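Numbered according to the numbering used here, the sequence shown spans residues 154 to 558.
Note that beta-carbon positions come from the ideal geometry of N, C-alpha and C, so glycine has one too.
Quick caveat: nothing in here was measured; it's all calculated off a predicted structure.
Beneath this line is the structure, given in C-alpha cells, with notes to follow.
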Amino acid sequence: MTTTDTDIATTRNITKTRNRQAIIRHLAMHGNVTKRQLQLDLQLSLPTITGNIRALEHDGIIAPGPLTDSTGGRKSQSYRFNPSHRTAIGVTMHRNTLRLCAIDLQGRPIATLSRTLPYANTNAYYQRMGSAINDFAAETEKAHGPVLGVSFAIPGAISADGTVITFNDSTGATGVTIDTIAQSVRYPRQLIREAAAIAMTETLHDTAISDAICLYLNRRPSGALIMNSRLHRGPNLCDGAIEHMTLVPGGKPCHCGRRGCMAAYCSPENLPEDYESIPGFFSVLEQGETHHRERMNDWLDHVALAIANVRCVICADVVIGGEAALYLDHDNIADLQRRVTALSVFGTDHFTLRLSRSDENSGAIGAAMQFTDPYMDALCGWNTGPHPSSPAPTRTKIDTATMGV
C-alpha cells in the first residue's frame, strides 16, 4: 500500500490537533505553566510549543500568567488557560421569578440576574423574558467571551428529543416547545430537566463523586443520576426521575395524576399540620413535640424506602438536596442513612449519604453547562470520561465548527 500525499497531510493534521489539545488540556488542568515546563511534561519540541502558544494566545484561548523564577536568573513567562473566552447562560423560570446565570468554561458563575417576573404561558411573557436574556447576554459578551448558547432548566419532564416540555411541576404548562419559550432569544438554545441541571453541578462541588443518586426534596420532589462522574440522562432524557416511581400501590394521589408516587409521600408538604408552614414545622420539631416527631419519622421512612428501592437497581451514593434539605442536619442525615441500610439487603459496605451543596443558582449553572461541557470536550480532546473543568457534562451534540474550536 502506497502512502499518498493526502495520507501524510492527514497524519500531520491529526498530530497538530493532538499537540494543540494536549497543550490546552495541560494548561486547563495545571494553571500557570512555562514553555519549558510544557516541553518537559508533554515531550514536545520547543518550536511546537512556541507556535501553539502564539496561536492559542491570538485566539484568546490562553493568556499570559505571572513571571516565574528561573534557574538562569531571567524570569520566565508562564501561560494559563482562559476559561472566559467562551461563556454560556442558564435560565430557570418559576411562578414568580426569572433567574439568569452566565458561567465560564470551568462552570464558575461570572454574572447573575434575578428578576420578579410572574410566569404566564403567553407570547408576551416569552418575549419579555427573551429581551432580558438578550440584554444579559450582550453585557456578558462585553465583559467576557462570546455566549455559546442559552439553556432552560425546567422543573418537570421534557420530550425525548429535548424540544417540548411534557410536564412542568412549577407552572403547570405542558406541551410548550423550545421554539415558543425562546422565540425572542438570539442564541442557540436547549432544554434540560432542572433536577438534572442541578445534579450536573454536584461534581463541581465534590470532584470525588463517581456514581450518585441525586434526590431533591422540594415541594415537588425530583431526582437525577450521576454515573462515572457524568450526568446520565438516557435516550428519553428522564433517567433518574424517581419522583414518580410507585412507592405505595394505590396510595395517595400525586400531582401527575397517578396514585402512590414517591413524590406524594416524600414531599416536605406532608410534614406540617393544617395551617402550619414547613419552617414552622421544623421549628416545633426542634422543641421535641411528640406529634411532629411522629410525622418526621413517617416522612423519613418513606424517603428511606424510596432510596433503598432505587439502590436495588443502582447501588450508588446518595445526595440529598431541595427545600427539605435546608432543615436537615448531620444527625438527620445519619438517621436517614441508618434507615436506608436497615431496608437494604446488600450494597451498604461502601455507601455515603450526604447533603447537596447546591444553591439557588445551581439549576441555571448546570443548564449552562450543556453548552460549555461539549465545547471543552472538543477543545481539549475530552471525548470520553470526566474532565477536571466540568466533571459531569452531558453528551449534547453541538456543532463545534460554529464555536471556533
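| Asked | Found |
| --- | --- |
| Can you grab the Cα-Cα spacing for the pair Gly538 / Asn381, in whole Å? | At Gly538 the pLDDT is 38, less than 50, meaning the model places this residue with poor confidence; the figure from the coordinates comes in the next sentence. Rounded to whole angstroms, Gly538 to Asn381 spans 7 angstroms at the Cα level. |
| In the DSSP assignment, find the unbroken alpha helix (DSSP H) run with Arg446 in it and report its ends. | Thr443 to Arg464 |
| Sorted by chain position, which residues of the same chain lie with C-beta nearer than 7 angstroms to Leu489's C-beta, five sequence neighbours on each side aside? | Leu453, Val456, Ala457 and Leu506 |
| Which first and last residues belong to the beta strand (DSSP E) in which Cys367 is found? | Ala365 to Tyr369 |
| Closest to Cys468 by CA distance: which of Asp451, Thr494 and Met449 is it? | Thr494 |
| Could you check whether the stretch 239-254 touches the stretch 295-306, counting it as contact only if at least three pairs of C-beta atoms, one from each stretch, sit closer than 8 angstroms? | yes |
| Measuring only from the beta carbon, is Gly302 closer than 7 angstroms to any heavy atom that is part of the ligand GTP? | Among the ligands in the structure shown, none appear at all, so the ligand GTP cannot be discussed. |
| Restricting to runs no shorter than 3 residues, where is the beta strand (DSSP E) found entirely within the stretch 294-322? | 300-307, 309-311 and 317-321 |
| Is there contact between the stretch 282-292 and the stretch 324-343, where contact requires at least three CB pairs shorter than 8 angstroms? | yes |
| Between Leu195 and Ala175, how many whole angstroms is the CB-CB distance? I'm expecting something under 8 angstroms. | 5 angstroms |
| Beta-carbon separation of Thr240 and Ala255 under 8 angstroms? | yes |
| Can you have a look at Leu193 and say buried or exposed, based on whether 16 or more other CB atoms are within 10 angstroms of its CB? | exposed |
| Please list, in chain order, all residues of the same chain as Ala478 whose beta carbon is under 7 angstroms from its beta carbon, the five residues on each side excluded. | Leu370, Leu508 and Ser509 |
| Using the C-alpha atoms, what's the distance from Gly433 back to Gln259? | 39 angstroms |
| Using 10 angstroms around the beta-carbon of Pro406, count the other beta-carbons present and answer buried if the total reaches 16, otherwise exposed. | exposed |
| Determine the direct distance from the alpha carbon of His385 to that of Phe435, and round the result to whole angstroms. | 34 angstroms |
| By the three-class DSSP mapping on this structure, what secondary structure does Met415 have? | helix |
| Under the three-state reduction of DSSP, which class applies to Tyr232: helix, strand or coil? | strand |
| Quick check: what's the CA-CA separation for His211 versus Leu424? | 58 angstroms |
| Taking the Cβ atom as the reference point for each residue, do Cys367 and Ala350 lie within a distance shorter than 8 angstroms? | no |
| Nearest-angstrom Cα distance between Lys228 and Arg252? | 45 angstroms |
| Going by C-alpha to C-alpha distance, which of Glu422, Met398 and Pro421 sits closest to Arg412? | Met398 |
| To the nearest angstrom, report how far apart Arg342 and Met282 are at their CA atoms. | 14 angstroms |
| Could you tell me which of Gly213, Lys188 and Ile214 sits nearest to Ile202, measuring between CA atoms? | Lys188 |
| Between Leu270 and the rest of its own chain, which residues show a CB-CB distance below 6 angstroms, the 5 nearest in sequence each way excluded? | Leu251 |
| Nearest-angstrom Cα distance between Gly328 and Thr501? | 41 angstroms |
| With the cut-off set at 8 angstroms, would you say Ile177 and Ile214 are in Cβ contact? | yes |
| Taking DSSP as the reference, what is the three-state secondary structure of Cys254? | strand |
| Can you tell me which of the three DSSP states Thr327 falls into? | coil |
| Just reading off the beta strand (DSSP E) that Met380 is part of, what are its end residues? | Ser375 to Met380 |
| What residue does the alpha helix (DSSP H) around Met353 start on, and which one ends it? | Glu347 to His358 |
| Measuring CB to CB, does Arg346 end up less than 8 angstroms from Ala310? | yes |
| Taking C-alpha atoms, which residue in Val466, Val498, Asn235 and Thr525 lies nearest to Asp364? | Val466 |
| In three-state terms, what does DSSP make of Leu207? | Contrary to the premise, residue 207 reads as Arg rather than Leu in this sequence. It is helical. |
| Nearest to Asn274 by CA position, among Thr316, Ala291 and Gly325, is which residue? | Gly325 |
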